[in-house]
Ligand code: ASP
């Protein structure tokens, strides 16, 4: 070993001991006859002292060391006169006696400090230097702890970790596949898994009973903020279970992780909110329930008063923001601009303020009597001092705009505290989703998701009415995971494919291997998959998954450190039988 101790472990109890440390020079300061060097490794920082008077040549060497030099130092642990109680090692320093320079370093392109001067692009280009920063490293350590605890809990529950292949055929998650050309079979391609969905179902047919895997998944989706083309799932499947068993098992996982990683206990069972209720009260299928400010439908109450924006619409809804009646014109204009942004696309916002004396003033005063407005305050549960914000439109569109407005108001009022965790299950998702563009149904989750048995009767007569045995775990307004009970009988599966517009031949071509397997005694089964990067980020109090991935892609899906995607040699293309069309290359 190069060292007797790490840079994070020495304390006053080691006073007088001779020790050897190795690490990187964080910084050095010359003060009169002394040189102080902060030596850093993964575990912490220890101060080294070199004294010009007692050893001028050693001190001379120390003065020449630049930032990020790799050194080994031996010396005695001494008590500091000037203690820094914020640092674990802040009560001691090492009086250096010998020094070895193990390696020099170029001057790093940004400072290796918590608050660095490096921009995003530069830090990603030199990610190995960025990872030396304590706060970045601690994110990766948090990720490690999460993975360890996932394995510990699931192992304890009898789950077996099984690896599934990476070179596969398209999976049914509904995003675009990444494809890998085959050299041996020119003109044929593998797909990278969007998830191990079909394999985990096959493992249930194989009798494994409880499976899990912490696994890389790949989705070639269009660029959206904070998405990664490759990401990690905690993927799980169980046999001979009902939805209730899955929810209980994985609520157990969530509780275990919160306990072991954050030291948090949740007394009550996680709330379970049906999809319809999530949409109508929160305008979202992933509600942030750290705060209330729920949506109230007011369609009937505001119609018939000749107020044009509310007359010709299917839906009018409102939220009531506590203690915001004092908002200025400027604040109201700002929030109106917020909902008019193309991402939200609302036409406008109507407000009403409940004054201290209980009278209600509104931007639509001319059309509504004081009684109408008082009734509005009553319906929305508004008290003196509250601000009512209303929006109208087609039902789903207006609800989702109100949902965005609710989140923005929550943010502005400081109600979305990253240190507070509010997990819940959203259940009873619709089985199908209608796509206007292609004029056909899509599976809301995926085509193996089981309809609720009691809704199966509507599959042909009223498909919108069919709910699925599908569920999502949501924490603080973010979907952390989702899954479903699967179809395990061939008739229901055929009906599902038919509803999705597949012919029997198409279904057989794409999923024949699974359909065939179902003929050999498939047990009832179901499962779930969690976004591991996202869950870790939330546990770290952040919403940026990139910070929790050691070597992430940037938001252009590029790795700027290794510079990829990149072109390949003509020989490689020839071997693969691939020709690059001129108008595509480099575009
Ligand atoms: N395979 C699904 C997904 O990745 C999850 C599941 O149904 O278990 O979203």
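Residue numbers (this note's numbering): 179 to 765.
Using N, Cα and C, we set each Cβ at its ideal position, and we do this for glycine too.
Remember, predicted model here, so these are calculated numbers, not experimental data.
| field | Status (buried if at least 16 other CB within 10 Å, exposed otherwise) for residue 234 | value | Burial call: exposed.
| Three-state secondary structure assigned by DSSP to residue 712 | The three-state reading of DSSP puts residue 712 in helix, counting H, G and I together.
| task | Name the two residues that bound the continuous beta strand (DSSP E) containing residue 452. | result | For residue 452, the uninterrupted beta strand (DSSP E) run begins and ends at 450 to 452, by DSSP.
| Where DSSP assigns a beta bridge to residue 331, which residues make up the other side? | Note: residue 331 sits in no beta bridge, so no partner.
| message | Count Cβ pairs between the stretch 574 to 587 and the stretch 484 to 495 that sit closer than 8 Å; are there 3 or more? | response | Flag = yes, the stretch 574 to 587 and the stretch 484 to 495 touch.
| query | Rounded to a whole number of angstroms, what is the C-alpha to C-alpha distance between residue 637 and residue 689? | reply | Note on geometry: alpha-carbon atoms of residue 637 and residue 689 lie some 21 Å from one another.
| query | What is the DSSP secondary structure of residue 572, counted as helix, strand or coil? | reply | In this structure, residue 572 counts as coil in the three-state DSSP scheme.
| Just to confirm, does residue 660 get its C-beta within under 7 Å of one of the non-hydrogen atoms of ligand 1? | Because some heavy atom of ligand 1 lies under 7 Å away, the Cβ of residue 660 counts as near it: yes.
| query | So the alpha helix (DSSP H) residue 359 belongs to, where does it begin and stop? | reply | Where residue 359 is concerned, there is no enclosing alpha helix (DSSP H), although the beta strand (DSSP E) it sits in stretches over 357 to 359.
| request: Identify the continuous beta strand (DSSP E) that holds residue 417 and give its terminal residues. | output: Looking at the DSSP string, the run of the beta strand (DSSP E) that includes residue 417 is 408 to 417.
| task | Using only the heavy atoms of ligand 1, determine whether one of them is closer than 7 Å to the beta carbon of residue 513. | result | No, Cβ of residue 513 sits at least 7 Å from all heavy atoms of ligand 1.
| Spatially closest choice to residue 381 from 760, 708 and 702, by CA coordinates | 702 is the residue among 760, 708 and 702 whose C-alpha sits nearest the C-alpha of residue 381.
| task | State the start and end residues of the unbroken beta strand (DSSP E) segment that holds residue 219. | result | Element bounds for residue 219: 212 to 219.
| query | Taking the continuous alpha helix (DSSP H) assigned at residue 393, which residues delimit it? | reply | For residue 393, no alpha helix (DSSP H) encloses it; the enclosing beta strand (DSSP E) starts and ends at 388 to 396.
| Comparing alpha-carbon positions, which option in 598, 736, 693 and 238 lies nearest residue 440? | Out of 598, 736, 693 and 238, 598 has the C-alpha closest to the C-alpha of residue 440.
| Which partner residues of residue 207 appear in the DSSP bridge assignment? | Answer is 214, bridged to residue 207.
| message | Measuring only the C-alpha atoms, how far is residue 544 from residue 524? | response | Put simply, the backbone Cα of residue 544 is about 22 Å away from that of residue 524.
| query | Pick from 377, 420 and 327: whose alpha carbon is nearest that of residue 662? | reply | Looking from the CA of residue 662, the closest CA among 377, 420 and 327 belongs to 420.
| Cβ of residue 646 versus every heavy atom of ligand 1: is any distance shorter than 7 Å? | No, since every heavy atom of ligand 1 falls outside the 7 Å radius drawn around the Cβ of residue 646.
| task | Could you tell me how far apart the beta carbons of residue 372 and residue 349 are, in whole angstroms, since I believe they sit closer than 8 Å? | result | So it is a contact: roughly 5 Å between Cβ atoms.
| field | Close beta carbons around residue 679, own chain, < 8 Å, minus the five adjacent residues each side | value | Its chain contains 618 and 619 as the residues whose beta carbon lies nearer than 8 Å to that of residue 679, once the 5 sequence neighbours on both sides are disregarded; these appear in chain order.
| query | For ligand 1, any of its heavy atoms closer than 7 Å to the Cβ of residue 348? | reply | No.
| task | Go ahead and label residue 750 buried or exposed: buried means 16 or more other beta carbons lie within 10 angstroms of its beta carbon, across all protein chains shown. | result | Residue 750 should be labelled exposed.
| Extent of the continuous beta strand (DSSP E) to which residue 225 belongs | Per DSSP, residue 225 belongs to the beta strand (DSSP E) from 222 to 229.
| Simplified DSSP state of residue 803, which is helix, strand or coil | Absent from the structure is residue 803, since the part of the chain shown begins at 179 and ends at 765.
| task | Can you grab the Cα-Cα spacing for the pair residue 765 / residue 476, in whole Å? | result | Unreliable placement is indicated for residue 765, whose pLDDT of 47 sits below 50; the coordinate value is still reported in the next sentence. Cα atoms of residue 765 and residue 476: separation of roughly 50 Å, rounded to the nearest angstrom.
| query | If we ignore side chains and look at the alpha-carbon of each, how far apart do residue 415 and residue 667 end up? | reply | C-alpha separation (whole angstroms): 17 Å.
| said: Please classify residue 752 as buried or exposed, where buried requires at least 16 neighbouring CB atoms within 10 angstroms. | reply: Exposed.
| query | Taking 7 Å as the line, does the beta carbon of residue 705 fall inside it for any heavy atom of ligand 1? | reply | Because some heavy atom of ligand 1 lies under 7 Å away, the Cβ of residue 705 counts as near it: yes.
| Among residues of its own chain, excluding the 5 on either side of residue 342, which ones have a beta-carbon nearer than 6 Å to its beta-carbon? | Its chain contains 374 and 377 as the residues whose beta carbon lies nearer than 6 Å to that of residue 342, once the 5 sequence neighbours on both sides are disregarded; these appear in chain order.
| Residues bridged to residue 603 [DSSP beta-bridge criterion] | Beta-bridge pairing links residue 603 to 450 and 651.
| message | Taking 8 Å as the threshold (C-beta atoms), are residue 212 and residue 230 in contact? | response | In contact: residue 230 and residue 212 (Cβ atoms closer than 8 Å).
| task | In angstroms with no decimal places, state the Cα-to-Cα distance between residue 429 and residue 705. | result | Going from the Cα of residue 429 to the Cα of residue 705 covers about 13 Å.
| task | Just the C-alpha distance for residue 316 and residue 406, rounded to the nearest angstrom, thanks. | result | C-alpha separation (whole angstroms): 21 Å.
| said: Taking 7 Å as the cut-off, is the beta-carbon of residue 191 closer than that to any non-hydrogen atom of ligand 1? | reply: In this structure, the C-beta of residue 191 stays at least 7 Å away from each heavy atom of ligand 1.
| said: What would DSSP say about residue 765, mapped onto helix, strand or coil? | reply: The predicted position of residue 765 is uncertain, since its pLDDT is 47 and thus under 50; a value taken from the coordinates is nonetheless stated next. DSSP, read as helix, strand or coil, puts residue 765 in coil.
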